[in-house]
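Here is the structure we will look at, set down as structure tokens.
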Amino acid sequence: MKRIEAVNDFVIKFANVNGSGSASANELFAKAILRMGVPVSPRNIFPSNIQGMPTWYEARVCEKGYLGRRGGVDMMVAMNPQTWAADVAEVQSGGYLFYDSTRPVAESALRKDIEVIGVPLTEICNAAYADPRQRQLFKNIIYVGALSVLLDVDAAVFETLFAEQYRGKELLLESNVRALHLGRDYVKNHLQAPLGIRVQRADKVGNQIFTDGNSAAALGCVYGGATVAAWYPITPSSSVAETFQKFCDKFRVEPQSGKNRVAIVQAEDELASIGVVVGAGWNGARAFTATSGPGISLMTEFIGLAYFAEIPITIIDVQRGGPSTGMPTRTQQSDLLACAYASHGDTKHVLLFPEDPHECFEHAAAALDLAERLQTPIFVMSDLDIGMNQRLCKPFTWDDARAYDRGKVMTAEELEAGKDFGRYKDVDGDGIPWRTLPGTHPTLGSYFTRGTTRDPYARYSERGSDYVYNMERLLKKFKTAAALAPQPELRRAERATRLGVLYFGSTSPAMREALDVLTQQGYELDALRLRAFPFAESVSQFMAEHDKVFVVEQNRDAQMHTLLVNELSIDPARLVKVLHYDGTPITARFISEAIAQNLTPVQTETPLQKEAA
Amino acid sequence: MTYLAKPKLHHPTLTTNAVGYTRRDYEGRVSTLCAGCGHDSISAAIVQACWELNIEPHRVAKLSGIGCSSKTPDYFLGASHGFNTVHGRMPSVLTGANLANRDLLYLGVSGDGDSASIGLGQFANAMRRGVRMAYIVENNGVYGLTKGQFSATADRGSKSKKGAVNRDNPVDLVGLALQLGATYVARSFSGDKEQLVPLIKGALEHGGAAFIDVISPCVTFNNHSGSTKSYDYVRWHDEAVSRIDFLPAHSEITVDYAAGSTIDVLQHDGSTLRLSKLHADYDPTDRYAALSYMHERQARGEIVTGLLYLDPVAVDLHVSLNTSDTPLNTLQASELCPGAQALEKINASLR
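So the protein lines, in turn, are chains A and B.
If you're matching positions, the first sequence starts at 1 in our numbering and goes up one per residue.
If you're matching positions, the second sequence starts at 1 in our numbering and goes up one per residue.
Structure, rendered in structure tokens:
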């Protein structure tokens, strides 16, 4: 058997039981790798259940800094008897299987082409701890300790992490350090270490941070000045509101009075949560909700009202597998059409596509500005992959000189000075009307907001011409949005090419790696990362410059492809769909193979491809 | 149509109130409801109440759902911002508006279809949260805009204009409001302005969730002999438990009600509700007694009206959430954004 040999480049997967407390041990493991200066990207693969079901934690260690899923498993930490067979089968030939050897495992349940490492975790644990809960929790720390020796990670790294985590809680600190060393000592005394895969100190993490998109979006809402949040629990978005609350407890308390500069309501359902946001937005507060696909479905009537009545609202949609309950704990990018055209009648909404936690922060804050500037719903299209997994990313930044864009709000003084106020009048030619807030002036500027048609002065109207004026103005506003929203990011190939690829959101890290792989294979592609809908001018340009454009997305029906064809009238024959939708995050391997397969026949035909090859 | 504006001319001798407004200043557009609609009487009562309370019209935000009743905010307080939201979901929008700016007065207008059918959940939860507002349901037991279907408040056995018999039990919004924690609960009749105006005044000044169910006959679809929401039926079965008068803070007004005993209830803002109990055994400060009294009378076919329950020490949502006294919509970046330095600390904690 030729075992896998790799330094700082492997995939390790932990198979656990949900509710066993393994999550924090696995996270500790990932953090330790980072502290060794080696990039790591973990992903939780968890069931829609509280306890007892299988759960996995897949961590990719990659010195080159690729943070997408690679595919394949080099080492399996098999802690769940229920999934044993499938977990063992998943290990790549020459890889490693780590298991609890307290009870003997039949030869037939093991594989000859992988290295099997048994550590009697239960036995060690039972000898050291009497309390059943302690036995369960510390077993996790013991396996982390054992792995640290097998993979050559310094004990000091863990000790520092423990010291930070349990500052002031000496008892917890000591017991964790003890459990770690129980695992370490066993390996040192009984096994050969390190393995063929191991971690070596490097300096590839730099000043990057390690966080999840939901926390980052919540922080973006704090920095962006959101003062009203209403939400209804739904996986995978709940932690946005929960973390927002946590940050607000820290940052939004008036020093003198102890009162909160924020109102957070856990509403009775999604209809009420978006209703609260609409009411707050109408009354001049920056307001947001966080939800997922089924929540969006329930909110669509209100989204239509906010669009037509022109009320600023921000919706953070952490997408998951649909339709219906679909795969509630798996990831997809399948709410694009549901959000872009949410509600009945002719609507178009602004969508932002963050690629990582850094952009979840940026886009959440930007969404609050855009919502007020454009007086319309803004969607931040996150997904479970970015939202609930910790990812290495650029640190958050904030310019203290940055002012909030409160948009076109007419003041009492401006009304007093005789400024013409027509709530739905396009005075500036950008499609965005002026608004007044309730209570502004005793006699001027009040108006009646409604979902029915009105004239430019907000007076009820059933005239076709008033309706058309309004709908055309909304289109103009949408065009304005294309210029104000985050612009696409272009990555040019080294050589001129007529081949392009479009992608967005959480596909980003896998795409970066796929492009490198493709370049090595001789395929040159220009890549455009979409950061918002409506599409910026540069998207049309990109389309014009390329004969064939791959559109990579994580849904079955090529929803971004539909948006491109629909909004830019692109000939569909020039677009190639690359679709991944099994609920797992897309891999570089999948993208590069899909693209390379498609390019083979072209390669022999076009001169550019010949040159590239 | 509602885009018809009323003439702006005022008679020069119209009386002004303490803040300099005439009653006309509290009116809105011309109503498009049927002549004789009970809802127009309620609009008139709202106009009267706001004028008498010396409320500056622009300090009121009026919100509604969808339906005949929900059109009415266009017909009063023309200088206020209004919001005709979606069917049954006014309570959440009002909650959000209230959270954004606690300094305004919030008037929610809804109907029986809007609040008891599609919006029952939102009605219940707004009451439960104690959102400070005057929530008025204009209750006619019928869907007017869609031409005469029963609503969820229609009594079992009552008949539609077309002769269909209602087989479902009615939703009793007053009973629900009492159970869910509303701190000011009343029922009235659109045809009884003397009772209704003070009830609206009390609700507007109340410190928490104030609910008034106003039976408001629909002259077109529900004013016939088989209806229990017709003018005649309500006039014959109305049993007022109390008469109230509202005394603003530091006011010198005195009132004189003959019947029963009189109690003064001091409100959080210093104003007083003077309750003249028409029934000696009725205690409007006992939530559960009020509930059972009302249900008892209801079983006999009587409609109990008046201020049914009052908790003068209402806790509103802002108190529960411990929100800043400064309206949230006026807070500036300096008060909201933790700044670059705090962000650096957060970054450091994530490495």
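No residue lacks a Cβ here, since even glycine has one placed at the ideal position from N, Cα and C.
Quantities reported herein were computed from a predicted structural model and do not represent experimental measurements.
Should asparagine 84 of chain B and threonine 449 of chain A be called a contact, given that it needs their Cβ atoms to be closer than 8 Å?
For asparagine 84 of chain B and threonine 449 of chain A, yes; Cβs fall inside 8 Å.
What are the uninterrupted segments assigned as beta strand (DSSP E) that are 3 or more residues long and contained completely in the segment 550-587 of chain A, given in chain order?
As far as the segment 550-587 of chain A is concerned, its whole beta strand (DSSP E) runs of at least 3 residues are 575-579.
Does the beta carbon of proline 233 of chain A sit closer than 8 Å to a beta carbon anywhere in chain B?
Output row for proline 233 of chain A: interface = no.
Between A/Ile234, A/Leu171 and A/Val278, which has its C-alpha nearest serine 292 of chain A's C-alpha?
Residue A/Ile234 is the option with its Cα nearest to serine 292 of chain A.
Are the segment 90-109 of chain A and the segment 33-45 of chain A touching by the rule of at least three beta carbon pairs closer than 8 Å?
No: the two stretches stay apart, fewer than three of their Cβ pairs being nearer than 8 Å.
Would you mind giving the Cβ-Cβ distance between serine 343 of chain A and isoleucine 315 of chain A, rounded to the nearest angstrom? I have them listed as a contact below 8 Å.
Actually they are not in contact, since the Cβ atoms of serine 343 of chain A and isoleucine 315 of chain A sit about 12 Å apart, beyond 8 Å.
Looking at chain A, is there any beta carbon in it that lies within less than 8 Å of the beta carbon of glycine 202 of chain B?
It does not: the Cβ of glycine 202 of chain B has no partner Cβ on chain A nearer than 8 Å.
Could you list the residues in the segment 328-343 of chain B with a C-beta less than 9 Å from some C-beta on chain A, going in chain order?
Result list: Leu328, Asn329, Thr330, Leu331, Gln332, Ala333, Glu335, Leu336, Cys337, Pro338, Gly339, Ala340, Gln341, Ala342 and Leu343.
What are the boundary residues of the beta strand (DSSP E) that includes glutamate 107 of chain A?
Unbroken run through glutamate 107 of chain A: none, as it is neither H nor E.
For threonine 363 of chain B, go through chain A and note every residue whose CB falls closer than 7 Å to its CB, in chain order.
Nothing in the structure corresponds to residue 363 of chain B, since chain B is present only between 1 and 351.
What is the residue span of the beta strand (DSSP E) that isoleucine 55 of chain B lies within?
Run containing isoleucine 55 of chain B: none; DSSP gives neither H nor E here.
Below 8 Å on the Cβ atoms is my guess for serine 80 of chain B versus serine 446 of chain A; work out the distance and round it to an integer in Å.
That belief holds up - the Cβ atoms of serine 80 of chain B and serine 446 of chain A are roughly 6 Å apart, short of 8 Å.
On the DSSP bridge assignment, give the partners of serine 144 of chain A in chain order.
Note on identity: in this sequence residue 144 of chain A is valine, with serine being the wrong assignment. Paired residue(s): none; valine 144 of chain A is not in a bridge.
Verify the CB distance criterion: does serine 343 of chain A have a CB-CB separation below 8 Å to chain B?
It does not; no Cβ of chain B falls within 8 Å.
Which of the three DSSP states, helix, strand or coil, is assigned to histidine 81 of chain B?
In the structure shown, histidine 81 of chain B sits in a strand (DSSP, three-state: E or B).
For the pair the segment 306-320 of chain B and the segment 276-293 of chain B, tell me if three or more CB-CB distances fall below 8 Å.
Flag = yes, the segment 306-320 of chain B and the segment 276-293 of chain B touch.
Output yes or no for whether 8 Å exceeds the beta carbon distance between glycine 464 of chain A and proline 357 of chain A.
No, the pair does not count as a contact, with Cβ atoms beyond the cut-off.
Can you tell me whether DSSP reads valine 40 of chain A as helix, strand or coil?
DSSP places valine 40 of chain A in strand when its eight states are reduced to three.
Output, in sequence order along the chain, the residues in the segment 265-288 of chain B whose CB is closer than 7 Å to any CB in chain A.
Within the segment 265-288 of chain B, no residue qualifies.
Could you tell me the distance, in whole angstroms, from the CA atom of leucine 77 of chain B to the CA atom of serine 569 of chain A?
About 48 Å.
Within 8 Å of any Cβ in chain A, is that where the Cβ of valine 83 of chain B sits?
It is worth fixing the name first, because residue 83 of chain B is phenylalanine in this sequence and not valine. Closer than 8 Å to some Cβ of chain A, the Cβ of phenylalanine 83 of chain B qualifies, so yes.
Residues in the same chain with beta-carbon distance under 6 Å from arginine 69 of chain A, minus the five sequence neighbours each way, listed in chain order, please.
Result list for arginine 69 of chain A: Pro585 and Thr587, in chain order.
Please work out which residues of its chain come closer than 8 Å, Cβ to Cβ, to glycine 163 of chain B, disregarding the five sequence neighbours upstream and downstream, and give them in chain order.
Only Gly226 meet the Cβ criterion.
Figure out for me which residue from B/Thr272, B/Gln341 and B/Phe123 has the closest Cα to the Cα of leucine 247 of chain B.
If we check each option's Cα against that of leucine 247 of chain B, B/Thr272 comes out closest.
Write down every uninterrupted run of the alpha helix (DSSP H) in the segment 274-344 of chain B whose length is 4 residues or greater and which is fully enclosed by it, in chain order.
Counting whole runs of 4 or more residues, the segment 274-344 of chain B contains the alpha helix (DSSP H) stretches 287-299, 317-321 and 333-336.
Verify the CB distance criterion: does histidine 441 of chain A have a CB-CB separation below 8 Å to chain B?
Yes, histidine 441 of chain A lies at the interface with chain B (some Cβ there is under 8 Å from its Cβ).
Does the beta-carbon distance from glutamate 310 of chain A to proline 433 of chain A come in below 8 Å?
For glutamate 310 of chain A and proline 433 of chain A, yes; Cβs fall inside 8 Å.
By the 7 Å beta-carbon criterion, what residues does the segment 139-154 of chain B contribute toward chain A?
Answer set for the segment 139-154 of chain B: empty.
Taking only beta-carbon atoms, is aspartate 58 of chain B less than 8 Å away from chain A?
Reading the sequence as shown, one finds histidine at residue 58 of chain B and not aspartate. So, interface residue.
So, helix, strand or coil for proline 95 of chain A, using DSSP?
For clarity, residue 95 of chain A is glycine in the given sequence; the question names proline instead. Note: glycine 95 of chain A maps to strand in three-state DSSP.
Tell me which same chain residues have a C-beta within less than 6 Å of the C-beta of valine 19 of chain B, skipping the five on either side of it?
Excluding positions up to five away in sequence, the list reads Asn54 and Glu56.
Quick one: any contact between the segment 175-183 of chain A and the segment 248-255 of chain A, if contact means 3 or more CB pairs under 8 Å?
No: fewer than three Cβ pairs fall under 8 Å.
Taking only the alpha-carbon atoms, compute the straight-line gap between alanine 241 of chain A and arginine 111 of chain A and give it to the nearest angstrom.
Computed Cα separation, rounded: 46 Å.
Between the segment 211-222 of chain B and the segment 185-194 of chain B, are three or more C-beta pairs nearer than 8 Å?
Contact between the segment 211-222 of chain B and the segment 185-194 of chain B is present, because at least three Cβ pairs lie under 8 Å.
Decide if valine 236 of chain B is buried, meaning its Cβ has at least 16 other Cβ atoms within 10 Å, or exposed.
The amino acid occupying residue 236 of chain B in the given sequence is tryptophan; valine does not appear at that position. Answer is exposed; the Cβ neighbour count stays below 16.
Please name the residue or residues paired with glycine 36 of chain B in a DSSP beta bridge.
BP columns for glycine 36 of chain B are empty, so no partner.
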